[in-house]
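Protein chains in written order, with the numbering used here: chain R, 1 to 272; chain S, 1001 to 1165.
These notes are about the structure you will find just below.
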Amino acid sequence: MRFRIISKKTLCFIVAIIIILVVFSFSQSESASPVKSFFYSISKPLQERLWRGGEGTFSFFERLTRCKKLQEENEELARENNELLARISSCSGQKEENERLRKALELDLPEEFDLEISYLVEKDITNDFILIDKGLEDDFKIGMFLITEERVLVGKIVEVYNSFSRVSLVSSKGFSFPAKVLEKDILGIVKGRGNFNLSFEEIPKDKDITEGDIVITSSLGGNFPKDLLVGEVRNIKESSVDPFKITDINPLFDIEDLDSIFVVTNFKEFIE
Amino acid sequence: MKKILLFIFVFYVLALFQTSFLVHFSIFNIVPNFIFILIFTFNFIERPDKKLGFFVAGIGGFYLDLFSGFQIGTSIIVLLFLAYLIKRLLNFLMEENIVLFLPCFVFFYLLYKFLLVFVNSIFEMSFSSLFVLDKIIIFDILYNLIFSVFIYSLIKICLLKIIRK
């Protein structure tokens, strides 16, 4: 070695600092690191401004490039709207009949979740994490899950700070839960593959799964309530040696457009 | 001291810019990692016997850990190790230039990605996540490489004297 790059003293100092930070970070694992909590609190105003600025700038450029497309979409939506109006009018008769039947049978409507709306302040899409603007102050807890207004499962809270929570998206590596295919008797396991990719695994070979099928949560495992939307099946893979089929899943929420989100705050009480 | 304070401030703003502003402009869910680019370029250009590069790596790693899902310490350890490797490598090279910069950046960026997953697995005591060299990683490298060339050129033109002083 021609010369020493780091002296022993400097090296010891660096190692000591890292150890202190790591230990400090781990020792607070229940309520998340106070170091992160402190920095998130002081960064909140600037983060919110940057977030809105980014959103505004992006939508400005998007509008410029999408002008023509919007016109076509508008015409298409108008057509769809007319079709839907026609369907609504035909359904209204059935709805009245259902209401009458429900009253007659004295059935209770299914209990809905308690939802708390939150807004995103940070996205770490490479690692499939997002940061939302509510935390311990709003009684958020680790394990609470998040859905969109269309009841699409987005992820669950993995760290809670005073006024922020870190959410692991369903697509993050290591995220897995039992699921099934809508209107079909097909069970499997949804696994996060990272970088906004999901797979549906352990599907028995004899089951007829097709591209476009919708995957929903199953009550098995008890982590999530049943019937939350997860994604759409695509790219079915089958091999002669493997007893199971594997498919990719297209998530039903768009991470790029995700801005507000609902946190389900009463699921544990609900299943109890 | 002025340089240190400047880096603490610049990296803080960059970290916020990356995680709150640039995410809206991601391509295939990839956002350029300006902090890594700056750390790599700084250590690549700095004279191998200087130590400011280690500080730059440490503070950059700290902010990356703060504003990501990693435990504090993960990126710090990885980036300090990479800074050390870069300086060792530069001992064997006569003079840094753009021709050497490009393959070195690709190699160190790959190593950075691999080590991040590895160190994070150790911290979390879980080896379920593996580093996979797929199309996304290759795109990620190319995307960051483009920005790194700009930053390298910018530093060479504007800040070289200050860094090497």
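Yeah, the Cβ is synthetic: ideal placement off N, Cα and C, and Gly gets one too.
Is Ser33 (chain R) close to chain S? Criterion is C-beta to C-beta, closer than 8 Å.
If you number the first sequence from 1, residue 33 (chain R) lands on position 33. Yes, Ser33 (chain R) counts as interfacial toward chain S.
From what residue to what residue does the beta strand (DSSP E) around Tyr119 (chain R) run?
Along the first sequence, read from residue 1 onward, the residue named residue 119 (chain R) stands at position 119. 115-124 is the span of the beta strand (DSSP E), which, as asked, contains Tyr119 (chain R).
Would you say Gly326 (chain R) lies against chain S (beta-carbon separation less than 8 Å)?
As displayed, chain R neither begins before 1 nor continues past 272, which places residue 326 (chain R) out of reach and without an answer.
Assigned exposure category for Ala179 (chain R) - 16 Cβ within 10 Å defines buried
As a working mapping, residue 179 (chain R) is identified with position 179 in the first sequence. Label assigned to Ala179 (chain R): buried.
Cβ neighbours of Ile1155 (chain S) in the same chain (closer than 8 Å, five flanking residues each side left out)
The residue you call residue 1155 (chain S) lines up with position 155 of the second sequence. Only Thr1041, Phe1042, Ile1045, Ile1163 meet the Cβ criterion.
What are the complete alpha helix (DSSP H) segments, minimum 4 residues, inside the stretch 1012-1055 of chain S?
1034-1045
Starting from Thr126 (chain R), find everything on chain S with Cβ-Cβ shorter than 7 Å and list it in chain order.
To locate residue 126 (chain R), count along the first sequence from 1; it is residue 126. Here the neighbours are Asn1029, Ile1030, Val1031.
With a 10 Å radius around its C-beta and 16 neighbouring C-beta atoms as the bar for buried, classify Ala1083 (chain S) as buried or exposed.
Translated into the one-based positions of the second sequence, residue 1083 (chain S) becomes position 83. It is buried - the Cβ of Ala1083 (chain S) has at least 16 other Cβ atoms within 10 Å.
What do you get for Ile117 (chain R), buried or exposed, if any count of 16 or more other CB atoms within 10 angstroms of its CB means buried?
Residue numbering aside, residue 117 (chain R) sits at position 117 when the first sequence is read from its first letter. Exposed, since its Cβ has fewer than 16 Cβ neighbours within 10 Å.
Between the Cα of Ile203 (chain R) and the Cα atoms of R:Phe140, R:Arg151, R:Phe60, R:Thr247, which residue gives the shortest distance?
Counting from one through the first sequence, the residue named residue 203 (chain R) turns up at place 203. The option with the nearest alpha carbon to Ile203 (chain R) is R:Thr247.
Hey, how far is the Cα of Leu1016 (chain S) from the Cα of Leu70 (chain R)?
Here residue 1016 (chain S) refers to the residue found at position 16 when the second sequence is read from its first residue. Here residue 70 (chain R) refers to the residue found at position 70 when the first sequence is read from its first residue. Straight-line Cα distance between these residues: approximately 32 Å.
In chain order, what residues of the same chain lie with their CB nearer than 6 Å to the CB of Leu1090 (chain S), ignoring the 5 residues before and after it?
Taking the first residue of the second sequence as 1, we reach residue 1090 (chain S) at position 90. Answer for Leu1090 (chain S): Pro1048, listed in chain order.
Under 8 Å between beta-carbons, which chain R residues line up against Leu1022 (chain S)? List them in chain order, please.
To locate residue 1022 (chain S), count along the second sequence from 1; it is residue 22. Residues of chain R passing the Cβ test: Gly54.
Classify Ile1098 (chain S): buried if its beta carbon has 16 or more other beta carbons within 10 angstroms, exposed otherwise.
Residue mapping note: residue 1098 (chain S) aligns to position 98 of the second sequence, counting from 1. Label assigned to Ile1098 (chain S): exposed.
For Glu201 (chain R), which residues in chain S fall below 9 Å Cβ to Cβ?
Here residue 201 (chain R) refers to the residue found at position 201 of the first sequence. Chain S residues near Glu201 (chain R): none, gap ~13 Å exceeds 9 Å.
Which value, in whole angstroms, describes the spacing of the CA atoms of Glu73 (chain R) and Lys1002 (chain S)?
By 1-based counting over the first sequence, the position of residue 73 (chain R) is 73. By 1-based counting over the second sequence, the position of residue 1002 (chain S) is 2. The C-alpha of Glu73 (chain R) lies about 55 Å from the C-alpha of Lys1002 (chain S).
Sub-8 Å separation of Ile1141 (chain S) and Tyr1109 (chain S) beta-carbons
For this step, residue 1141 (chain S) is matched to residue 141 along the second sequence. For this step, residue 1109 (chain S) is matched to residue 109 along the second sequence. Yes; because the gap between Cβ atoms is below 8 Å, this pair is in contact.
Beta carbon proximity, Ser1026 (chain S) to chain R, threshold 8 Å
Translated into the one-based positions of the second sequence, residue 1026 (chain S) becomes position 26. So yes, Ser1026 (chain S) belongs to the interface.
Going by alpha carbons, who is nearest to Asn223 (chain R) out of R:Lys207, R:Arg87, R:Lys156, R:Glu75?
Residue numbering aside, residue 223 (chain R) sits at position 223 when the first sequence is read from its first letter. Here the closest residue by C-alpha is R:Lys156.
In chain S, which residues lie less than 8 Å from Leu58 (chain R) when you measure between Cβ atoms?
Translated into positions along the first sequence, residue 58 (chain R) becomes position 58. The displayed chain sequence assigns Phe, not Leu, to residue 58 (chain R). Result: His1024, Phe1025.
For Gly194 (chain R), which residues in the same chain have their Cβ closer than 8 Å to its Cβ, ignoring the five residues on either side in sequence?
For the purposes of this step, residue 194 (chain R) is identified with residue 194 of the first sequence, where counting begins at 1. The residues are Asn127, Asp128, Ser171, Ser172, Lys173.
Where Gly222 (chain R) sits in the DSSP three-state scheme
In the first sequence, counting from the first residue as 1, residue 222 (chain R) sits at position 222. Looking at Gly222 (chain R) - three-state DSSP - the assignment turns out to be coil, as it is neither helix nor strand.
Test: Gly1069 (chain S) CB closer than 8 Å to a CB of chain R:
Counted from its first residue, the second sequence places residue 1069 (chain S) at position 69. Taking Cβ atoms only, chain R reaches closer than 8 Å to Gly1069 (chain S), which makes this a yes.
Below 8 Å on the Cβ atoms is my guess for Tyr1012 (chain S) versus Ile1035 (chain S); work out the distance and round it to an integer in Å.
Sequence index remark: in the second sequence, residue 1012 (chain S) carries index 12 (1-based). Sequence index remark: in the second sequence, residue 1035 (chain S) carries index 35 (1-based). Between Ile1035 (chain S) and Tyr1012 (chain S) the Cβ distance is about 10 Å, and since that is not below 8 Å, they are no contact.
Given a cut-off of 8 Å on the beta-carbon distance, is the pair Glu137 (chain R) and Leu131 (chain R) in contact?
Looking up residue 137 (chain R) in the first sequence gives position 137. Looking up residue 131 (chain R) in the first sequence gives position 131. Annotated as distal: Glu137 (chain R) and Leu131 (chain R), with beta-carbon spacing of 8 Å or more.
Quick check on the DSSP output: the beta strand (DSSP E) that includes Pro251 (chain R) runs from which residue to which?
Looking up residue 251 (chain R) in the first sequence gives position 251. 244-251 is the span of the beta strand (DSSP E), which, as asked, contains Pro251 (chain R).
Proximity to Glu159 (chain R) [Cα-Cα], best of R:Phe145, R:Arg151, R:Ile209
Numbered from 1 along the first sequence, position 159 holds the residue referred to as residue 159 (chain R). Out of R:Phe145, R:Arg151, R:Ile209, R:Phe145 has the C-alpha closest to the C-alpha of Glu159 (chain R).
By Cβ distance, which residues of its chain are closer than 7 Å to Ile236 (chain R), with the 5 residues on each side in sequence left out?
Locating residue 236 (chain R) in the first sequence gives position 236, counting from the first residue. These residues qualify, in order along the chain: Ile209, Glu211, Lys245, Thr247.
Once DSSP output is grouped into helix, strand and coil, what is the label at Gly192 (chain R)?
On the first sequence, residue 192 (chain R) is found 192 positions in, with the first residue counted as 1. In the structure shown, Gly192 (chain R) sits in a strand (DSSP, three-state: E or B).
Exposed unless 16 or more other CB atoms sit within 10 angstroms - verdict on Ala1057 (chain S)
One-based indexing of the second sequence puts residue 1057 (chain S) at position 57. Label assigned to Ala1057 (chain S): buried.
Going by DSSP in three states, Ile1072 (chain S) sits in which element: helix, strand or coil?
By one-based count along the second sequence, residue 1072 (chain S) stands at place 72. In the structure shown, Ile1072 (chain S) sits in coil (DSSP, three-state: anything other than H, G, I, E or B).
Find the nearest neighbour of Arg49 (chain R) within the set S:Ile1059, S:Thr1019, S:Gly1053, judged by alpha-carbon distance.
As a working mapping, residue 49 (chain R) is identified with position 49 in the first sequence. Measuring from the Cα of Arg49 (chain R), the nearest candidate turns out to be S:Thr1019.
Output needed in chain order: residues of the stretch 246-270 of chain R with a Cβ under 9 Å from some Cβ in chain S.
Ile255, Glu256
Which residues bound the beta strand (DSSP E) around Glu232 (chain R)?
The residue labelled residue 232 (chain R) in the question sits at position 232 within the first sequence. Taken as a continuous stretch (DSSP letters only), the beta strand (DSSP E) holding Glu232 (chain R) covers 229-237.
Could you tell me the alpha carbon to alpha carbon distance between Leu1006 (chain S) and Pro243 (chain R), rounded to whole angstroms?
Position 6 of the second sequence, counted from the first residue, corresponds to residue 1006 (chain S). Position 243 of the first sequence, counted from the first residue, corresponds to residue 243 (chain R). C-alpha separation (whole angstroms): 58 Å.
Measure the C-alpha to C-alpha separation of Ser218 (chain R) and Pro225 (chain R) and round it to an integer number of angstroms.
Here residue 218 (chain R) is taken as the residue at index 218 of the first sequence, counted from 1. Here residue 225 (chain R) is taken as the residue at index 225 of the first sequence, counted from 1. If I take the Cα positions, the gap works out to 7 Å.
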